[in-house]
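Input: a single structure, listed below in structure tokens.
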Amino acid sequence: MRADACPKCRAELHVCRMCVDYDTRVAKHCREPTAEEVSDKTRANFCGHYKPRPGAYTPPNTAEVNKSLSELEKLFGKR
21 MRADACPKCR AELHVCRMCV DYDTRVAKHC REPTAEEVSD KTRANFCGHY KPRPGAYTPP
81 NTAEVNKSLS ELEKLFGKR
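For what it's worth, this note's numbering labels the leading residue of the sequence shown as 21, then goes sequentially.
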């Protein structure tokens, strides 16, 4: 459904970048030849060809971020 969102972060899920046909190497970044062009690939759209791609979302490396923040706190102290 177009309005589906991630229950954790509320990110829109029906977006081109999360689709099995999304491919930056082809025209319009879509392998589906009959799909209408979508200008914003990161926003929800009404494409009828949308099929969610397993593993499309890669969570951020929070361990690396936390380590960096810890090092900054050691260097500059906490606020």
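C-beta atoms are modelled at their ideal positions from N, C-alpha and C, and glycine is treated no differently.
The beta carbon of A31 sits closer than 6 Å to no other beta carbon from its chain once the five residues preceding and following it are set aside.
Using a C-beta cut-off of 8 Å, the segment 33-51 makes no contact with the segment 79-97, since fewer than three inter-stretch Cβ pairs fall below that distance. Within the same chain, and ignoring the five residues on either side of S88 in sequence, no residue has its Cβ closer than 7 Å to its Cβ.
Per DSSP, the beta-bridge partners of A25 are E32.
Per the DSSP secondary-structure output, P80 pairs with nothing in a beta bridge.
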